[in-house]
Structures are given as C-alpha cells and as structure tokens.
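Engineer:
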Amino acid sequence: MLEAYKTVQGTGGHSNQATAAADVLTADVSDMENLTVHAVQINDAGTTTQAVQYTLDGTNWLTAGSSITEASYPAGANQCVERTLSDSNGMPQRVKQVRLNTTALSGGGIYELHVGGSKVMS
Amino acid sequence: MNLNILKRELVSRLATGGTVNQIKSTSDILQLDVHQFDEVRVHVDQIVADGTVVLQPWYTLDGTNWIKWGATIEQPGSMTMGATLFPAGNNAVVELLLKDSHGMRQKVKAVKLTCTTYTSGGSVAAYGMQVSGVIRKRA
C-alpha cells in the first residue's frame, strides 16, 4: 500500500492528558497530510478553554478554527470536537506539529488530542 | 528516475454488525474499518421502508472516540430540523462523502451507523451501510 492511514496521540500534560490549566498536548505530524484533529473529552466535568493550534517551524503557533470550551463538546465521555487542516479551497495543509493548548481548566475535566491522516510514504 | 506508477483500486465493503449486517432494532450498530480507504463514500441504504427510524453516522480516528458525521438520517416526512431524509421506497440511499467543509478528503480509522429510533410494520424495516473507497498501490 502506498498511502497508509496513521493516527497519533498528543503527548505532554499529565500522562498525555490535559487535566489542568496550562497543559499542552503536542503531536508531530510532519509525515502526515489530510489531517483531522480531534480534541477528545475523556471526562465530562467542569469548564475549560482550549485551542487547536499548528506550527510550521515548531516555534510560532497559529490557532485552527475557533476556541473550544466545555460547551463545544457534546455531553458525555469520549466526545470529540474536530478541526481539519485545509485551506478555504480544500487544499490539504502540511504542518510540522499540532497541539491542544489548554488555557483554562477546572472541575475535573480530562481531555486528549488525537490526530488522523495519511502517512506520506517515501 | 523513480517511476512510482500508482494503481488505484476501487473497493467496496458492507458494514457488519447489527442483525445479520442490517439495522432492525435501536440497539443495532453497523461498523466498518476504513483505514485503508481513501475517498470514502458511504451509502446508507433503506433496504425495506416500513416504519420510522433515526440513524446517526459516526467516524473515529482511534477506534475509541467517535464524532458524529453529519445530520441524522430519517424517514421521508420526518419533521426533525436539519435531518437528512431517505427518498421514499425500498432500496433508497442517502450518500455521505468523507471530506471536511472545504472539500479536503479525510482519512479515518472506522465508520459506524447507530440507531436511536426504530419502529416497523409487517414488512420489517431494514437498513444497511455500504462503503466504497480507493486504495492506492504501486503497480
């Protein structure tokens, strides 16, 4: 197979989960395209403010789509908010990394970052 | 010169699960692994139209966490705001294409179809899910 599906989970935070404000989960996606990013609500509790962001160089970050709050997630565990990386014409965007940047979190909510897409084969 | 000649093979699969690979009750779920597929196209099939139904397509990146894929799919005449309606009759299809709002194709691990409302008459309403996609191989 020339083009394989690949998924990666964001690392960092507390055991690769965001459980507190300032937790940042990051995934290297430099070998992937057609990126679909899921912020996942593992435990539905409390409040949070988050953003899915991406970088071309590992230093400077741009936010993809609108910010995410607890109300953005459907109620319950294992619910996702999605961001995809394409331009307004549908062109897939290749980036170095994506991250889930949690700027506020209280009340026991737990979140993860999962990214899926095509693995670019050499 | 590196000549990577691509062979594009169209594949089609029937989602499995439920009642003999069909939805015939509210607890039935049809699911299919599509991680090898590109350009995923799903046909939700109203095999036998007889009663009312509310179906919800989903997809997952990791096999654990699922996200709703579009609106619910319901019977003709349903008044649910925003629902996608089957055409009337047996063997009528609602089609879903796996792409984002800009048209970029998405790759996912699996798709599934769940049912939250099901009633049936004497003909036993039945719903299925057929998935097609492209696999790219070196020729």
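As they're listed, the protein sequences go chains A and W. For any residue, its number in our numbering is found by taking its place in the first sequence, counting from 1, and adding 503. For any residue, its number in our numbering is found by taking its place in the second sequence, counting from 1, and adding 894. Glycine included, each C-beta is placed from N, C-alpha and C at the ideal position.
I'd like the ranges of any alpha helix (DSSP H) spanning at least 4 consecutive residues and lying wholly in the stretch 944-1017 of chain W.
Structural biologist: Listed in chain order, nothing qualifies, since the stretch 944-1017 of chain W has no complete alpha helix (DSSP H) run of 4 or more residues.
Engineer: Are the CB atoms of W/L955 and A/T562 within a distance shorter than 8 angstroms?
Structural biologist: Here residue 562 of chain A refers to the residue found at position 59 when the first sequence is read from its first residue. Here residue 955 of chain W refers to the residue found at position 61 when the second sequence is read from its first residue. No.
Engineer: Given a limit of 7 angstroms on CB to CB distance, which residues of the stretch 505-519 of chain A reach chain W?
Structural biologist: The stretch 505-519 of chain A vs chain W, Cβ under 7 angstroms: L505, E506, Y508, T510.
Engineer: Just the chain W side, please: which residues come within less than 7 angstroms of A/G619 by C-beta, in chain order?
Structural biologist: By one-based count along the first sequence, residue 619 of chain A stands at place 116. Correct list: L955, K1001, V1002, K1003.
Engineer: Closest Cβ-Cβ distance between W/R1030 and chain A: below 8 angstroms?
Structural biologist: The residue you call residue 1030 of chain W lines up with position 136 of the second sequence. Interface residue, yes.
Engineer: For the pair the stretch 932-942 of chain W and the stretch 981-999 of chain W, tell me if three or more CB-CB distances fall below 8 angstroms.
Structural biologist: Output reads yes: the stretch 981-999 of chain W touches the stretch 932-942 of chain W.
Engineer: Among residues of its own chain, excluding the 5 on either side of A/T606, which ones have a beta-carbon nearer than 6 angstroms to its beta-carbon?
Structural biologist: Walking along the first sequence from the start, residue 606 of chain A turns up at place 103. Excluding positions up to five away in sequence, the list reads T552.
Engineer: At a CB-CB cut-off below 9 angstroms, which residues of chain W make contact with A/D590?
Structural biologist: On the first sequence, residue 590 of chain A is found 87 positions in, with the first residue counted as 1. What A/D590 touches in chain W: H996, M998.
Engineer: Under a CB-based cut-off of 8 angstroms, is A/V527 close to chain W?
Structural biologist: Here residue 527 of chain A corresponds to residue number 24 of the first sequence, with the count starting at 1. No, A/V527 lies away from the interface with chain W (no Cβ there is under 8 angstroms from its Cβ).
Engineer: How about W/D922 and W/K1003: are their beta carbons less than 8 angstroms apart?
Structural biologist: Looking up residue 922 of chain W in the second sequence gives position 28. Looking up residue 1003 of chain W in the second sequence gives position 109. Taking 8 angstroms as the Cβ cut-off, W/D922 and W/K1003 do not qualify as a contacting pair.
Engineer: Let me know the beta strand (DSSP E) ranges lying completely inside the stretch 527-580 of chain A, each 3 residues or longer, listed in chain order.
Structural biologist: DSSP runs (the beta strand (DSSP E)) wholly in the stretch 527-580 of chain A: 527-531, 535-546, 550-558, 564-566.
Engineer: Is there contact between the stretch 960-968 of chain W and the stretch 906-924 of chain W, where contact requires at least three CB pairs shorter than 8 angstroms?
Structural biologist: Output reads no: the stretch 906-924 of chain W does not touch the stretch 960-968 of chain W.
Engineer: So does the stretch 587-598 of chain A actually touch the stretch 506-524 of chain A, counting three or more Cβ pairs closer than 8 angstroms?
Structural biologist: Result no; under three Cβ-Cβ pairs closer than 8 angstroms.
Engineer: Starting from W/M1023, follow the beta strand (DSSP E) in both directions and report where the run begins and ends.
Structural biologist: Here residue 1023 of chain W corresponds to residue number 129 of the second sequence, with the count starting at 1. Here the beta strand (DSSP E) through W/M1023 covers 1020-1032.
Engineer: Distance check for A/S591 and W/K962, CA to CA, integer angstroms please.
Structural biologist: Sequence index remark: in the second sequence, residue 962 of chain W carries index 68 (1-based). Sequence index remark: in the first sequence, residue 591 of chain A carries index 88 (1-based). Rounded to whole angstroms, W/K962 to A/S591 spans 22 angstroms at the Cα level.
Engineer: Could you compute how far the alpha carbon of A/N604 sits from the alpha carbon of A/G549?
Structural biologist: Position 101 of the first sequence, counting from 1, holds the residue named residue 604 of chain A. Position 46 of the first sequence, counting from 1, holds the residue named residue 549 of chain A. Looking at the two C-alpha atoms, the distance is approximately 17 angstroms.
Engineer: Using beta-carbon positions only, say whether A/V601 and A/Q556 come within less than 8 angstroms of one another.
Structural biologist: Counting from one through the first sequence, the residue named residue 601 of chain A turns up at place 98. Counting from one through the first sequence, the residue named residue 556 of chain A turns up at place 53. Yes, the Cβ-Cβ distance between A/V601 and A/Q556 is below 8 angstroms.
Engineer: Could you round the C-beta distance between W/K1001 and A/G619 to whole angstroms and report it? I think they count as a contact, below 8 angstroms.
Structural biologist: Position 107 of the second sequence holds residue 1001 of chain W. Position 116 of the first sequence holds residue 619 of chain A. At roughly 6 angstroms, the Cβ-Cβ gap stays under 8 angstroms, so W/K1001 and A/G619 are in contact.
Engineer: For A/S589, which residues of its own chain have a beta-carbon under 7 angstroms away from its beta-carbon, when the five flanking residues on both sides are left out?
Structural biologist: Taking the first residue of the first sequence as 1, we reach residue 589 of chain A at position 86. So the list reads P595, Q596, once near-sequence residues are dropped.
Engineer: Is any beta-carbon of chain W found at less than 8 angstroms from that of A/N546?
Structural biologist: Here residue 546 of chain A refers to the residue found at position 43 when the first sequence is read from its first residue. A/N546 does not count as touching chain W.
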